[in-house]
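The sequence shown runs 75 to 402 under my numbering. First comes the structure, then the notes that go with it.
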Amino acid sequence: MRRLTNIKPASLGESVERLEADGARAAVVGGGTDLLGMIKDDLTPAEVLVNLKGLRERGSLDLVETEIGGIRVGGLVTLTQLSTHPLVAAQYRVLAEAAGSVATPQIRNVGTVAGNICQRPWCWYFRQNFPCYKHGGNQCFSRVGENEFNAIFGGGPSYIVHPSDTAPALMALGASFRIVGPASERVVPASDFFTLPRVDVSRENILEPNEVLADMHVPSASGLRSTYAKLLDREAWTHAVISVALALEMDGDVVRRAGVVLGGVAPIPWQPEAVEELLAGQRVTESLAAEAGRLAVDGARPLSKNGYKVTLAENLVRNTLQSLASEA
């Protein structure tokens, strides 16, 4: 393994300045669970680790705090903190469940929510250092190769799936992300943060190399019922084959607004807006849930070995929606 330089900046501003100065040689470290594995496997050129754990303002970046109109989740909040936080568990169950479903307890104790959102793909070809699009090559090996776990939506030219569990939950809740750069900061809806391969095959989100995902704002909502459901191919330390994040703002038994986001099916967290529109203003019946499931997979384009994902996704949306809507 190459020699690494560990930098502990005093402020977020100093952090992004260091990222700008060192360019491709530098990488942000929160928990480091994904990054250090990529360094070990020679999947990144990073040599300078800009360690955010030492920030003086870390007290705000590693806290969940109430603010006007909702809550703020610092980017350094660990997945364990997020999954067990009383306010999150009580008011934003989908987010607590998503964070609690990630990997293993040991990884959740260290891994951060910003790191979970920004982690790189876990496609077998990418992780084995094949010269694919993500490594600057000119092909996606999964398109005609081993593609059981690859995309059925939004693929082309790369068919990776986005690995985050917390990202679908935050999108379903209508969260926004604060991004800090060397000259300024910007706030973007979570739904605008992720990037399809057809837009830029080299990246999965809009972060520039010298920017940091600082925190997330999650809006409050009256009558909110939410949950996260995830199907795995084994019991532990694995990513979703299919997942769904549901956030229903209810007025009695009528859906006022619906957030529906699928994981494990596309290069970005996949938001079937037609399903959200279908549910708005409706009582969730068995037939409506079945229609929502069918509509959720409308337009799916499975590869040679992952057609089973279409059926799994349809059934997961239907069953999870029906179960959530029936809660008192």
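Note that beta-carbon positions come from the ideal geometry of N, C-alpha and C, so glycine has one too.
In chain order, what residues of the same chain lie with their CB nearer than 7 Å to the CB of residue i, ignoring the 5 residues before and after it?
i, result
"residue 255", "90, 282, 284 and 285"
"residue 100", "92, 93, 120, 122 and 124"
"residue 382", "none"
"residue 325", "297"
Can you tell me where the beta strand (DSSP E) holding residue i begins and where it ends?
i, result
"residue 247", "Careful: residue 247 lies outside any beta strand (DSSP E) and carries neither H nor E."
"residue 96", "Taken as a continuous stretch (DSSP letters only), residue 96 belongs to no beta strand (DSSP E), being part of the alpha helix (DSSP H) at 86-96."
"residue 167", "Residue 167 -> not in any beta strand (DSSP E); alpha helix (DSSP H) instead, spanning 167-174."
"residue 331", "328-337"
"residue 146", "144-148"
"residue 103", "100-103"
Skipping 5 residues on each side, what residues in its chain have a beta carbon closer than 6 Å to that of residue i?
i, result
"residue 371", "384, 387 and 388"
"residue 319", "168, 242, 243, 246, 302 and 335"
"residue 163", "170"
"residue 261", "250 and 252"
"residue 404", "With the chain running from 75 to 402 in the structure shown, residue 404 is simply not present."
Would you kindly work out how many angstroms separate the C-alpha atoms of residue i and residue j, rounded to a whole number?
i, j, result
"residue 195", "residue 204", "13 Å"
"residue 171", "residue 108", "21 Å"
"residue 165", "residue 355", "22 Å"
"residue 192", "residue 105", "12 Å"
"residue 144", "residue 199", "40 Å"
"residue 391", "residue 257", "42 Å"
"residue 201", "residue 359", "43 Å"
"residue 114", "residue 277", "20 Å"
"residue 88", "residue 128", "11 Å"
"residue 328", "residue 190", "33 Å"
"residue 299", "residue 134", "28 Å"
"residue 152", "residue 323", "27 Å"
"residue 207", "residue 213", "6 Å"
Among residues of its own chain, excluding the 5 on either side of residue i, which ones have a beta-carbon nearer than 8 Å to its beta-carbon?
i, result
"residue 155", "136 and 138"
The alpha helix (DSSP H) with residue i in it runs from where to where?
i, result
"residue 387", "382-399"
"residue 368", "360-370"
"residue 157", "153-158"
"residue 179", "179-184"
"residue 191", "187-192"
"residue 116", "Careful: residue 116 lies outside any alpha helix (DSSP H) and carries neither H nor E."
"residue 353", "347-353"
"residue 201", "198-201"
Mind reading off the beta-carbon distance from residue i to residue j? Whole number of angstroms is fine, and I expect it under 8 Å.
i, j, result
"residue 249", "residue 225", "At roughly 23 Å, the Cβ-Cβ gap does not stay under 8 Å, so residue 249 and residue 225 are not in contact."
"residue 289", "residue 148", "5 Å"
"residue 173", "residue 184", "Residue 173 to residue 184, Cβ: 13 Å. No contact."
Original post:
Quick check: the stretch 111-120 against the stretch 306-324, are there 3 or more CB pairs under 8 Å?
Top reply: no
Subject >> Three-pair Cβ contact test at 8 Å for the stretch 224-235 versus the stretch 338-347 >> reply: yes
Original post:
Just checking, does the stretch 364-378 make contact with the stretch 212-226 on the three C-beta pairs under 8 Å criterion?
Top reply: yes
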